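Colleague: If you're matching positions, the sequence shown starts at 4 in our numbering and goes up one per residue.
Glycine is no exception: its CB is placed at the ideal position from the N, C-alpha and C atoms.
Predicted, not measured: the structure shown is a model, and the values here were computed from it.
A single structure is presented below for examination.
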Amino acid sequence: MPEAARGYGLGRRLAEAARRLVPADRPLRAQVAPANAAGVRALLAAGFTPVGAEALLVTRESGTPDTGRTMGTGGE
Numbered sequence: 004m005p006e007a008a009r010g011y012g013l014g015r016r017l018a019e020a021a022r023r024l025v026p027a028d029r030p031l032r033a034q035v036a037p038a039n040a041a042g043v044r045a046l047l048a049a050g051f052t053p054v055g056a057e058a059l060l061v062t063r064e065s066g067t068p069d070t071g072r073t074m075g076t077g078g079e
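Below, the structure is given as structure tokens:
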């Protein structure tokens, strides 16, 4: 969200609009980084409920995060 547009409740209204577009009997999921406090607040205000959290882990080589490789969940 551009800095000038922050603080007007636009994120909350967007999330509320998404809820109106999806039938009530269908699941609707939203994802936001836990560190994005404004995004978390907007989704909570729009009626979303947190169901978990995840951490993104990267390796560091030469001080730079290695985002080009991912590790699966198959026990690698």
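Sort ALA45, LEU17 and VAL35 by Cα distance to GLU57 and report the nearest one.
Modeller: With distances taken between Cα atoms, GLU57 lies closest to VAL35.
Colleague: What is the rounded straight-line gap between the Cα of LEU24 and the Cα of LEU60?
Modeller: LEU24 and LEU60: Cα-Cα distance of roughly 34 Å.
Colleague: ARG22 lies in the alpha helix (DSSP H); which residues open and close that run?
Modeller: Its alpha helix (DSSP H) spans residues 13-24.
Colleague: Under the rule that 16 or more other beta-carbon atoms within 10 Å means buried, what is LEU13, buried or exposed?
Modeller: LEU13 comes out exposed.
Colleague: Along the chain, where does the alpha helix (DSSP H) containing ARG44 start, and where does it finish?
Modeller: Counting along the chain, the alpha helix (DSSP H) containing ARG44 begins and ends at 40-48.
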